[in-house]
Each structure stands twice: as structure tokens, then as C-alpha cells.
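Enquirer: With the first letter of the sequence shown counted as 1, position 347 gets the number 355 in our numbering; the numbers rise by one all the way through.
Ideal Cβ placement from N, Cα and C applies to all residues, glycine included.
Below you will find the structure I want to go over with you.
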Amino acid sequence: MERLPIIRNWFVFLVAFSFFVVFFKAFDYSALSADGTNSATSLIGVFVTSFNNLHARKPNHSLDVPQMFNQNASPDPLVDTDNPFIDVIESLDQANKLAVNKNTTMAARTKRPADSCEGRYIYVHHLPRRFNDDVLKNCSVLVKWLDMCPFLTNSGFGPQVENSEGVLSEKSWFTTNQFLLEVIFHERMKKYKCLTKNSSVANAIYVPFFAGLDAGCYLWGHNISMRDTLGSDLVKWLAQQPEWKRMWGRDHFFVLGRIGWDFRRQTDHDSDWGSKLMTLPESMNLTALSIETTSWSNEFAIPYPTYFHPSSDDEVFRWQNRMQSHNRRYLFAFAGASRPSANDSIRKEIIHQCLASRRTCNFLRCNSGGESRCDNPAEVIKVFQDSVFCLQPPGDSYTRRSIFDSILAGCIPVFFHPFSAYAQYTWHLQRDYWRYSVFIPIDLVKDGFVSIKQVLLQISDTEMLAMRKEVIKLIPRVIYADPRSKLQTLEDAFDITLKGVLHRIGKVRNNINKGRDPSNGFAEENSWKMKLSGIGVEEEWDHFIDNSMRY
């Protein structure tokens with residue numbers, strides 16, 4: 009009788025051990041998913057799956073900007089946004105039903121592949137034809153002194169350059185008009201890989217309105233009604249669309265193929281310049297991309313179209329190598345004409361100094377009307393690629409297309425006003441401007457206090473070669489590649505522009521999600537200092553802001 013308790017204890021131990029062996033065998037993940045008949049086992053499986061999914065989706069509190077932007081983007085159409093956590097304590101019967109449908113359970117556990125377009129979806133508004141295609145039908149009168157019809161060929165690049173006498177590379181060079189950015193951008197957008205037909209999942213909305221081409225028809229000799237009609241109709245149409253009400257237009261963007269000042273008429277007098285498109289209340293909620301901005305914070309400058317529109321990375325690399333090794337016979341160059349009617353212009357003094365230094369300065373005189381050597385891509389690029397520095401003074405406005413022609417030719421740009429580049433192309437040009445350019449204050453040149461030649465001669469060969477290298481590195485960032493093909497590893501001006509737009513709209517969406525007023529800072533006047541921020545000499549350039557020409 010004394011051994012009976014011992015035997016009983018061993019019996020209990022063996023039963024308990026057998027139970028745990030069976031239990032742990034059942035707790036194998038594969039067993040849980042394979043057999044849907046055991047309710048207790050299924051219930052455990054649902055608990056485990058739900059906990060794992062919940063843990064995997066815990067919020068990321070990192071302050072990394074790209075991550076913050078993606079988290080506040082619109083939902084991805086390929087990803088289920090429902091809460092994955094399943095209420096498993098509702099009833100044992102519910103657990104049985106979930107376990108029977110093992111395909112559904114497996115699908116819920118399977119992690120979907122990352123979506124390469126997450127945070128980059130763009131919806132294109134389907135505008136009535138009168139806002140874009142019908143504008144192009146009047147191509148012969150888009151510019152008062154020029155028939156623009158030939159320039160609309162080849163996706164807006166214009167006629168291909170046939171014979172450059174060895175100045176240009178073998179292909180991908182076109183006689184591109186500087187005012188056709190709207191068409192060029194639209195053709196690229198048609199090939200953008202992250203387009204969506206579902207506006208509710210779009211991270212940004214593109215408005216394909218050819219505002220600059222329409223404005224060009226009526227800037228001279230037409231009353232303000234003719235200049236304003238199409239733009240006013242466009243913003244009214246936008247405000248009536250369901251997409252507008254989501255962020256009241258602050259996720260919309262469009263391209264202006266002319267300078268921003270052409271769309272900010274100050275009065276309603278016929279004698280005043282331009283249209284009032286950008287002064288309309290609805291336009292204050294739009295992001296405008298133009299070849300030159302005003303001081304308003306909802307305008308962003310993007311590069312003028314150049315003549316080079318490559319089809320592959322190799323074309324770009326070959327051209328960069330060629331410009332790096334090219335022999336440059338002249339110290340500096342200027343391509344342009346004087347501006348006798350502009351009191352603030354320094355072009356007369358620049359031309360005078362250039363002509364006085366014929367052996368070191370290469371001057372390409374541009375005629376004010378008719379056929380001009382400055383309209384010939386080979387002539388322009390030849391002058392710039394033979395020169396170390398290229399002078400880029402303001403002209404009719406702060407900026408000029410020649411800035412990007414000189415970069416394309418590996419010629420170091422010389423600026424005389426910070427609004428010519430540094431406060432403009434903040435997405436495309438680096439903030440440390442001294443690495444790729446030379447700055448000579450406009451007042452010193454205008455008053456004859458400085459010799460441009462002597463300033464440039466003070467730059468050592470080592471510094472000059474380093475600057476040229478930086479300029480040539482910028483080439484991919486300021487060109488618009490051919491939409492009929494695709495660059496593989498390089499980002500061009502179009503790619504960089506979309507990154508900037510998506511980042512800006514992502515920040516606005518983030519502010520909305522945090523309960524902040526999205527209008528704060530979105531469209532504010534006198535933002536030159538903000539556009540110059542990060543350069544490090546903003547305070548030194550205050551007088552440029554105070555004395556800005558007309559902005």
C-alpha cells in the first residue's frame with residue numbers, strides 16, 4: 009500500500025507529459041493552417057496571426073522626411089487598409105468559421121510585395137479640349153512674330169538638327185523653342201509609370217492646361233477680356249470637380265511655359281501686361297511650375313527646354329565626357345543683345361567689355377528680329393563649348409534660356425543677380441552655388457567698378473576644373489529626355505520636378521492630417537528670402553530683394 013501513491017504520481021506525470029506532447033505538436037504553425045477541424049487549435053492560430061500582423065504594422069515614429077511623406081500619402085490601391093486585428097474572443101464558433109476558410113487566412117498572412125509607385129501616384133485631369141489641344145490648332149499665331157507649328161513636331165522638341173558640322177553628337181538634338189515646356193512636360197507625363205485613373209488614390213493631380221501658349225496669342229494688341237477668358241474658365245471648371253474638394257486644389261499642379269510675371273497682371277487696364285491667371289482666388293491653391301517664378305511661394309521654377317533630348321543614359325554619358333575633355337579657347341563668352349530700353353540692364357556694359365577683350369571673349373550677337381544665329385543650336389553650343397565661363401546677365405526678365413545651354417556645353421555660368429538662378433531653380437541646382445558658378449554683383453558691373461575679365465582671371469586652374477566638373481554633373485538635371493524612350497539610371501529635369509511637387513504636396517497633406525491650416529505659407533508674396541534659404545548669404549543679398557525690378 010505504501011507504493012500506491014508513488015505509482016499514482018507516476019501515472020499522473022505520464023498523462024500530463026502525453027498531453028503536453030500532443031499540445032505542442034498541435035501548436036506547430038503548419039499544423040494550424042493545415043487542419044481546420046480543431047476549434048481550439050484554430051483559435052490559437054488566429055491569436056498568433058493577429059498579434060504578428062498588429063506588431064508588424066505598429067506606427068513608425070521616425071522623423072525621416074521621405075518616410076513621413078509616404079505615411080501621409082493617399083492609400084495604395086493594391087494594399088488592404090482595413091485593420092488586420094481580428095476579434096477572436098467573440099465566440100468559439102467564429103474561430104471555427106475563420107479556420108475553415110484556410111485560403112482567406114493564408115492570404116491575410118501573406119505580405120504583399122512593396123509597391124514601387126507608393127507615394128508617387130498622379131492623376132491627370134481630363135480637361136475639355138479647348139484648354140489644351142484646341143490651343144495648339146492655332147500654332148501659327150501662338151507667338152506674334154513666329155510660326156510655332158514646326159516646333160510642335162517630335163513631342164514638342166521641334167525639328168531634329170540634321171547637320172551640326174561636328175559640334176553636336178550624332179542624334180537627339182532638336183531646334184526646341186523655349187516656350188514649349190507645357191507640351192514637352194505633357195508628353196512626358198503621358199509616359200509616367202505611376203499614373204492612376206482613380207483620383208482618390210492619387211498623391212498629386214496634374215492639370216494639362218497650356219496657359220502660356222494661350223497667353224502668347226493675346227499678350228500684344230488684345231484687351232484684358234481676351235487675355236483672361238480661358239484661364240478664368242479653367243479654374244471655374246477645376247473648382248466644380250470632386251477632386252478639388254479633397255484638398256481644395258492644393259494637390260493640383262500645372263506648368264506655365266512663360267515667366268510667372270506674364271500671369272500676374274496688377275490692374276484691369278488694357279495697357280497693363282499679361283493675364284490675371286495667378287491672381288485668381290482658385291489659383292492661390294494651385295502649385296505652378298514655370299520657367300521663371302515671381303516672389304510668390306506657390307510658384308516653382310523648372311529649367312527652360314534645351315536642345316538636347318537624349319534617348320538613353322549612354323548618350324548623356326558620352327556627351328558629358330566630350331564636354332569634360334573639350335579644348336576651350338576663350339576665357340569667357342556672351343550670347344545675346346543689348347537692352348537699350350531697359351534702364352537697369354548691364355548688357356551694354358557686358359558687350360563693351362567683351363569687345364574690348366576679343367582674344368579672350370567670344371561674343372555671339374543676337375538680332376532682335378528675323379533670322380538669328382542665336383536660334384541655331386549648333387551656333388550657340390559652339391560658342392559655349394569653346395569657352396570656360398559664360399556670362400548670364402538678366403534680359404527682359406531675371407532668367408534666360410542661355411543658362412541651361414551653357415550648362416549643357418560644360419561652360420561655367422557667371423551670374424550677376426541672385427534671382428537669375430539661385431532663387432529660382434531650387435530643385436535642380438545645388439544650394440552651394442559657388443561650386444558650379446561665379447557671382448559678380450550687378451551694381452559693380454553697371455557702375456564700371458569691376459572688370460569681368462580680371463575677376464575670372466583670378467580663379468585658379470584647379471578651381472576652374474573643379475567647377476567645370478560640377479557643371480557637367482548638372483547636365484542630366486537640366487535636360488528633358490525623349491518620352492519615346494526612357495533613361496535607366498539618370499533622373500532628368502522632369503523626374504526631379506515631380507519629386508519636388510510630390511514632396512511639397514505631401515507636406516501639405518501632412519499638415520492637414522495634423523489639424524494645421526494648409527493655407528499657411530502655401531501662397532505668400534515676397535518669398536524671395538525663403539527661396540534663397542540655405543545658401544548662407546541671404547542677409548548679404550537683402551538689397552537685391554528690396555530693389556527687385558518689378559516683382
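By Cβ distance, which residues of its chain are closer than 8 Å to L160, with the 5 residues on each side in sequence left out?
Expert: The residues are L144, C147, G166, L188 and V191.
Enquirer: Starting from the Cα of W228, find the closest Cα among D280, D241 and Q274 and give me that residue.
Expert: It is D280 whose Cα lies nearest to the Cα of W228.
Enquirer: Would a C-beta distance cut-off of 7 Å place Q432 and A309 closer than the cut-off?
Expert: Taking 7 Å as the Cβ cut-off, Q432 and A309 qualify as a contacting pair.
Enquirer: With a threshold of 16 other CB atoms inside 10 Å of the CB of W153, please say whether the residue is buried or exposed.
Expert: Looking at its Cβ environment, which holds fewer than 16 other Cβ atoms inside 10 Å, W153 is exposed.
Enquirer: Output yes or no for whether 7 Å exceeds the beta carbon distance between Y129 and C202.
Expert: Yes, the pair counts as a contact, with Cβ atoms nearer than the cut-off.
Enquirer: One question on the structure: do E126 and S305 come within less than 7 Å of each other, judged by their Cβ atoms?
Expert: No, Cβ-Cβ distance for E126 and S305 is not below 7 Å.
Enquirer: Using only the alpha-carbon positions, how far apart do R512 and L297 sit?
Expert: The alpha-carbon atoms of R512 and L297 are separated by roughly 12 Å.
Enquirer: Near W571, what residues of its chain come up, given a Cβ to Cβ distance below 8 Å and the 5 sequence neighbours on each side ignored?
Expert: Nothing can be reported for residue 571, as the shown portion of the chain is limited to 9 through 559.
Enquirer: I'd like the span of the alpha helix (DSSP H) that includes R330, first residue to last.
Expert: First-last of the alpha helix (DSSP H) with R330: D321 to S333.
Enquirer: Would E173 be called buried (16 or more neighbouring beta carbons within 10 Å of its own) or exposed?
Expert: Per the 10 Å Cβ criterion, exposed.
Enquirer: Within the same chain, show all residues whose beta-carbon is closer than 7 Å to that of K454, passing over the 5 residues directly before and after it, in chain order.
Expert: Answer for K454: I354 and E357, listed in chain order.
Enquirer: Roughly how many whole angstroms lie between the Cα atoms of N384 and G344?
Expert: One C-alpha to the other measures close to 13 Å.
Enquirer: How is the alpha helix (DSSP H) around D502 delimited, first residue to last?
Expert: It should be pointed out that residue 502 corresponds to Phe in this sequence rather than to Asp. F502 -> alpha helix (DSSP H) spans A501 to N521.
Enquirer: Just mark K205 as buried or exposed, buried being the case when its beta carbon has 16 or more other beta carbons within 10 Å.
Expert: With fewer than 16 Cβ atoms within 10 Å of its Cβ, K205 is classed as exposed.
Enquirer: Just to confirm before moving on: does the CB-CB distance between D236 and S283 stay below 7 Å?
Expert: Yes.
Enquirer: Alpha carbon to alpha carbon, what distance is there between R137 and V446?
Expert: Between V446 and R137, the C-alpha separation is close to 45 Å.
Enquirer: Going by the beta-carbon positions, is the gap between V396 and R336 smaller than 7 Å?
Expert: It is a contact, given that the beta carbons lie within the stated cut-off.
Enquirer: Just to check my reading of the structure: Y488 and A501 have Cβ atoms closer than 8 Å, yes? What is that Cβ distance to the nearest angstrom?
Expert: Correct: roughly 5 Å between the Cβ atoms.
Enquirer: Counting C-beta neighbours from all protein chains within 10 Å, is the total for H134 16 or more, i.e. buried, or is it exposed?
Expert: Result: exposed.
Enquirer: Any chance the region 392–409 sits against the region 491–499, with 3 or more Cβ pairs inside 8 Å?
Expert: Contact fails: fewer than three Cβ-Cβ distances are below 8 Å.
Enquirer: Using 10 angstroms around the beta-carbon of D259, count the other beta-carbons present and answer buried if the total reaches 16, otherwise exposed.
Expert: It counts as buried.
Enquirer: Between the beta-carbon of L465 and the beta-carbon of V458, is there less than 7 Å?
Expert: No; because the gap between Cβ atoms is not below 7 Å, this pair is not in contact.
Enquirer: Grab me the residues of S319's own chain with a C-beta within less than 8 Å of its C-beta, minus the 5 sequence neighbours each way, in chain order.
Expert: Hits under 8 Å: K179, S180, A489, D490, R492 and S493.
Enquirer: I need the DSSP call for I543, collapsed to helix, strand or coil.
Expert: Correct three-state label for I543: coil.
Enquirer: Are the beta-carbon atoms of R272 and M286 separated by less than 7 Å?
Expert: In contact: R272 and M286 (Cβ atoms closer than 7 Å).
Enquirer: Helix, strand or coil for I487? Go by DSSP, reduced to three states.
Expert: Here I487 sits in coil by DSSP.
Enquirer: Could you say which of V463, F182 and D142 lies nearest to A386 if we only look at CA atoms?
Expert: Ranking the options by Cα distance to A386, first place goes to F182.
Enquirer: What first and last residue would you give for the beta strand (DSSP E) that runs through T295?
Expert: It spans T295 to S298 - the beta strand (DSSP E) in which T295 sits, taken as one unbroken run.
Enquirer: Quick check: what's the CA-CA separation for P449 versus D550?
Expert: Taking the straight line joining both Cα atoms gives about 12 Å.
Enquirer: If we ignore side chains and look at the alpha-carbon of each, how far apart do V263 and G220 end up?
Expert: Approximately 8 Å between the Cα atoms of the pair.
Enquirer: Alpha carbon to alpha carbon, how far is E290 from F340? Give it in angstroms, no decimals.
Expert: Taking the straight line joining both Cα atoms gives about 46 Å.
Enquirer: What residues match up with L154 in a beta bridge as DSSP calls it?
Expert: L154 is bridged to V151.
Enquirer: Answer with buried or exposed for E195, where buried requires no fewer than 16 other C-beta atoms within 10 angstroms of its C-beta.
Expert: Label assigned to E195: buried.
Enquirer: How far does the beta strand (DSSP E) with H260 in it reach, from first residue to last?
Expert: Here the beta strand (DSSP E) through H260 covers H260 to L264.
Enquirer: Along the chain, where does the beta strand (DSSP E) that runs through I450 open and close?
Expert: Here I450 belongs to no beta strand (DSSP E); instead the alpha helix (DSSP H) covers I450 to K454.
Enquirer: Give me the Cα-Cα distance between N519 and W256, rounded to the nearest whole angstrom.
Expert: Answer to the nearest angstrom: the Cα atoms are 14 Å apart.
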